[in-house]
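Structure first, then comments.
Numbering (this note's numbering), first residue to last: 1 to 93.
Below you can see the structure in the form of structure tokens.
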């Protein structure tokens with residue numbers, strides 16, 4: 001949404017309670033139809049694509065000694081990233 005990527009095959013993956021303001025966060029996966037990223041500076045600092053191999057080198061949440069960190073272990077974002085990496089790895093190994 002914030003980077004202008006057109007997507008298809010949107011599928012629900014999971015949900016997570018969000019304490020404030022008593023909400024629920026929904027996690028979806030989709031197939032990117034475009035790969036060009038347009039960063040809205042009012043929404044994001046930067047955006048880029050990563051391979052599964054690159055993601056495997058990421059540090060843990062809060063580790064400031066490394067450039068890129070995974071989301072918190074208890075977050076839906078972490079679940080989405082890990083499930084994608086696991087799925088991609090089945091086809092590339």
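Positions of the beta carbon are idealized from the N, C-alpha and C atoms, including for glycine. Every value quoted in this text rests on a predicted model; they were computed, and no experiment measured them.
(message) Using 8 Å as the threshold, is the C-beta distance between residue 2 and residue 70 below it?
(response) no
(request) Within its chain, find whatever has a CB closer than 7 Å to the CB of residue 6; leave out the 5 residues flanking it on each side and keep chain order. (result) 33 and 34
(request) Answer yes if the segment 17-29 comes into contact with the segment 56-74, meaning at least three C-beta pairs across the two stretches below 8 Å, and no otherwise. (result) no
(request) Please classify residue 66: is it buried, with 16 or more other beta-carbons within 10 angstroms of its beta-carbon, or exposed? (result) exposed
(request) Would you check if the distance between the CB atom of residue 52 and the CB atom of residue 89 is smaller than 8 Å? (result) yes
(request) Thinking residue 9 and residue 83 are a contact (beta carbons under 8 Å), I'd like their distance in whole angstroms, please. (result) Contact doesn't hold; Cβ gap of about 15 Å is too wide.
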